[in-house]
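Working notes, structure below.
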Amino acid sequence: MSTISAIYNFLWGDLIPLPLPGGGTLGLPLLVILLIPAGIYFTIRTKALPVRMFPEMIRVTVEKNDRKSGALSGWQSLIVSTATRVGMGNLVGVVAAISAGGAGAVFWMWITALIGSATAFVEATMAQLHKEKDPLYGGYRGGPAYYIQATVEKWRKKPMKKSVLAVLFAVSGLICWGGISQVIGNSVTESFENAFHIPPIYTITAVVLLAAIIVLRKNATVKVLDIMVPVMAGLYFFITIFIIVKNIGQLPNVFGRIFSEAFGLRQVAAGGFGAVLMNGVKRGLFSNEAGSGSAPCAAAAAESDHPAKVGLLQALGVIIDTVIICTCTAMIMLLVPEGKVAGLEGMKLLQTAMEYHLGGFGTVFVAVVLFLFCFSTFIGILFYARPNVAYLFGDHWGSQTVYKIFCLIMLFIGGLAAYTFVWKLGDVGIGLMTIINLLVMIPGAGPALRSLKDYENRKKEGR
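Residue numbers (my numbering): 8 to 470.
If you want it as structure tokens, here you go:
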């Protein structure tokens, strides 16, 4: 446990403290030091893709896709990745960011999403370029483990049975998703206990049984997410629009707070700028997962007539997660008088804010939405696990089923008791995934960037 805690602090702790005017410091964690420059690099290399090609992202999203039986469409791969991106971080995480960093943290979340969008494009396109047939589930599979192996083989100029880096990525992913399963169980039971006074044992038993029915069947996962993700994201979005319209007169003040506190001299002078910046950046990175290597596991499963199309869809997924869904939570929070939520934090803070806007229905609504967000995340991470289990253990139903049962057990345990050690284990897993993924992505991104250039050339020529 002490070893895991030490690794966790190395990855997520303030590795480099930078002094700021007013006596404050800006602590830079290793993951921020890696992800932000990587995002800026890919934004430059793609010529500001998130802004320049945003209309094309929308066009590709609504485009009809004739696919073979068993393969995912580009839209379905976006649904699966959105299922895991849109989770607890969009609710409790955003609340924590605003509580610690103020309204200005929202602005830095937006900036992080725009930067991360280019990173998401590159990793998804690389996954498409190195996907392979899936003999167990049908269609295709792939992800960082597969493109890491292909890239290392290209560098070494010889085939390899297994790449050490690819194995480390797959193992880190399976550890991470096991830890996340427990966090999901704890979040769901806590919110239901607050809203409905239901004992955790009843809630988590029902959730585990429902999850088992879905994940232990061969192809139920995508069908369930196809329905659940648009419903939950749409419901949350439209409730937020209702709240904004209801408080439309306050909107200029809210945006004024966001921008003034993002750059405000008061924050810098008080030494609080580091908290504003880092809380926004960290929350943006945690929420959209760009660069972590998770979403490429869904991107590889898609069938498309050009790899760059799937990359564009995943770039849009980052914007949906952070710019739209996280902003919904921010608006819900910032449209409440500060005195109403003073001294509150976490789920209690969000439920109190919703209760202010919607009465008793607000508390119930938060519990239901959190359940949908968490449940879809659990279903999505087991989809991500498929190609990584196959990479490590081969194409066997036994190994696939064992890992699913392991995550169901972790989900159940998390619903009854919060083991912070396992939470840290999950964070260590995603941290290691990100480092390994970026080690190969940054020098090996050439094929993905050439794919983007080819796509744009074909569009100009009408092909």
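For each residue, glycine too, the CB sits at the ideal point set by N, CA and C.
Taking buried to mean at least 16 other C-beta atoms within 10 Å of its own C-beta, is His137 buried or exposed?
-> buried
Excluding the five sequence neighbours on either side, which residues of its own chain have a C-beta within less than 8 Å of the C-beta of Leu418, listed in chain order?
-> Ser188, Gln189, Ile191, Gly192, Ile211, Val214, Val215, Ala218 and Phe385
Please report the Cβ distance between Ile388 and Trp184, rounded to the nearest whole angstrom; I am assuming they are in contact, meaning their Cβ atoms lie under 8 Å.
-> 4 Å
At which residue ranges does the stretch 292 to 378 contain complete alpha helix (DSSP H) runs of 4 or more residues, listed in the order of the chain?
-> 303 to 306, 314 to 326, 334 to 341, 345 to 348 and 353 to 365
Which value, in whole angstroms, describes the spacing of the CA atoms of Ala4 and Leu232?
-> Outside the displayed range of the chain (8 to 470) lies residue 4, so it cannot be described from this structure.
Integer Cβ distance of Gly180 from Asn395, believed to fall under 8 Å | 5 Å
May I ask which residues mark the beginning and end of the alpha helix (DSSP H) holding Asn201?
-> Val171 to Phe203
contact_flag[the stretch 294 to 311, the stretch 140 to 159] where n(CB pairs < 8 Å) is 3 or more = With the cut-off at 8 Å, the stretch 294 to 311 and the stretch 140 to 159 touch.
Boundaries (first-last residue) of the alpha helix (DSSP H) holding Leu415 | Trp404 to Leu423
Among Thr408, Ala306, Ser106 and Leu258, which one has its Cα closest to the Cα of Glu130?
-> Closest in C-alpha terms to Glu130, from the list Thr408, Ala306, Ser106 and Leu258, comes Ala306.
Spatial distance of Ser299 from Ile442 (CA atoms) | 8 Å
On a CA-only basis, which of Gly123, Tyr153 and Glu197 is nearest Val371? Give me that one, please.
-> Distance check between Val371 and each of Gly123, Tyr153 and Glu197 places Glu197 closest, using alpha-carbon atoms only.
Quick one: what does DSSP say Pro24 is sitting in, helix, strand or coil?
-> Three-state DSSP puts Pro24 in a strand.
Can you tell me where the alpha helix (DSSP H) with Asn226 in it begins and where it stops?
-> That residue, Asn226, is in no alpha helix (DSSP H); it is neither H nor E in DSSP.
Assigned secondary structure, Gly278 (DSSP; H/G/I helix, E/B strand, else coil) | Bear in mind that a pLDDT of 46 at Gly278, under 50, signals an unreliable position, so the model cannot answer this.
Is there contact between the stretch 448 to 462 and the stretch 51 to 60, where contact requires at least three CB pairs shorter than 8 Å?
-> With a cut-off of 8 Å, the stretch 51 to 60 and the stretch 448 to 462 count as touching, because enough Cβ pairs lie within range.
Boundaries of the alpha helix (DSSP H) in which Gln257 is found, first to last residue = Looking at the DSSP string, Gln257 is not in any alpha helix (DSSP H), and its letter there is neither H nor E.
Where does the unbroken alpha helix (DSSP H) through Met133 begin, and where does it stop?
-> Gly111 to Leu136
Identify whether Leu35 lies in helix, strand or coil by the three-state DSSP scheme.
-> strand
Among all the DSSP beta bridges, which residues are the ones paired with Arg148?
-> Glu139
Helix, strand or coil at Lys54 [DSSP, three-state] = coil
Can you check whether the CB of Ala127 is closer than 8 Å to the CB of Ala297?
-> yes
Do you know how far the Cα of Asn464 is from the Cα of Gly438?
-> About 36 Å.
Three-state secondary structure (DSSP) of Lys500 = In the structure as shown, the chain begins at 8 and stops at 470. Residue 500 is therefore absent and cannot be evaluated.
Return the first residue and the last residue of the alpha helix (DSSP H) that Arg465 is part of.
-> Gly453 to Glu468
Where does Met235 fall in DSSP's three states?
-> helix
Put Met60 into one of helix, strand or coil per three-state DSSP.
-> coil
On the three-state DSSP scale, how would you describe Gly436?
-> helix
Do the CB positions of Thr119 and Leu323 come within less than 8 Å of each other?
-> no
Trp117 and Thr329 closer than 8 Å at C-beta = yes
Along the chain, where does the alpha helix (DSSP H) that runs through Leu18 open and close?
-> Ser9 to Trp19
Where does Gly401 fall in DSSP's three states?
-> coil
Cβ neighbour criterion (16 or more within 10 Å) applied to Ile122 = buried
DSSP on Glu268, reduced to helix/strand/coil?
-> helix
What do you get for Met8, buried or exposed, if any count of 16 or more other CB atoms within 10 angstroms of its CB means buried?
-> So Met8 ends up on the exposed side.
According to DSSP, is Pro166 helix, strand or coil?
-> coil
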